[in-house]
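*Asks:* Here my numbering is used: the first residue of the sequence shown is 5, the next is one more, and so on.
Don't be surprised by glycine CBs; every beta carbon is placed ideally from N, CA and C.
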Amino acid sequence: SSASISGTNDTLINTAAVATTLVVHSVYLTNVGTSLTYANVKVSDSSSGTTTHIAMRTQIPAGETLILDKPLNLEAGDSLYVRGNTLEVTVSALEIS
Numbered sequence: 005s006s007a008s009i010s011g012t013n014d015t016l017i018n019t020a021a022v023a024t025t026l027v028v029h030s031v032y033l034t035n036v037g038t039s040l041t042y043a044n045v046k047v048s049d050s051s052s053g054t055t056t057h058i059a060m061r062t063q064i065p066a067g068e069t070l071i072l073d074k075p076l077n078l079e080a081g082d083s084l085y086v087r088g089n090t091l092e093v094t095v096s097a098l099e100i101s
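In structure tokens, the structure reads:
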């Protein structure tokens, strides 16, 4: 999935569907702006009601891409959120049902 985001609110990028596991292989965050930006990436665990940051206020210079390339398993109902200005976000994931 892909999204363009800009702002100070979390943007929902993906949610694992009912009766599935979503294996996120990588998240690409590209700063398409003309100045330094910061990115937050977090996962909301629906079964425990907790939120965990994968990246917090991570700097991304203008024209650069941050790649988070460690596998991340999202169970049914878990969600992936990104916050940042002038970011294009691309997620590579495998849905297992």
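Rounded to whole angstroms, what is the Cα-Cα separation between residue 33 and residue 84?
*Replies:* Translated into the one-based positions of the sequence shown, residue 33 becomes position 29. Translated into the one-based positions of the sequence shown, residue 84 becomes position 80. Their Cα atoms are separated by approximately 13 angstroms.
*Asks:* Looking at the unbroken beta strand (DSSP E) that takes in residue 101, where does it start and where does it end?
*Replies:* The residue given as residue 101 occupies position 97 in the sequence shown. Element bounds for residue 101: n/a, residue is neither H nor E.
*Asks:* Measuring alpha carbon to alpha carbon, tell me which residue in 75, 21, 54, 68 is nearest residue 100.
*Replies:* By one-based count along the sequence shown, residue 100 stands at place 96. Of the candidates 75, 21, 54, 68, the one whose C-alpha sits nearest the C-alpha of residue 100 is 21.
*Asks:* Answer yes or no: do residue 47 and residue 55 have a C-beta to C-beta separation smaller than 9 angstroms?
*Replies:* Here residue 47 refers to the residue found at position 43 of the sequence shown. Here residue 55 refers to the residue found at position 51 of the sequence shown. Result yes, Cβ atoms of residue 47 and residue 55 sit closer than 9 angstroms.
*Asks:* Given a cut-off of 9 angstroms, decide if residue 36 and residue 91 are closer than it, judged by their beta-carbon atoms.
*Replies:* For this step, residue 91 is matched to residue 87 along the sequence shown. For this step, residue 36 is matched to residue 32 along the sequence shown. Yes, these two residues count as a Cβ contact at 9 angstroms.
*Asks:* Where residue 60 and residue 87 are concerned, what is the direct C-alpha to C-alpha distance, given to the nearest angstrom?
*Replies:* For the purposes of this step, residue 60 is taken as residue 56 along the sequence shown, with counting starting at 1. For the purposes of this step, residue 87 is taken as residue 83 along the sequence shown, with counting starting at 1. Rounded to whole angstroms, residue 60 to residue 87 spans 9 angstroms at the Cα level.
*Asks:* Whose CA, out of 43, 96, 64, lies closest to the CA of residue 77?
*Replies:* Here residue 77 is taken as the residue at index 73 of the sequence shown, counted from 1. Selected option, being the one with the closest Cα: 96.
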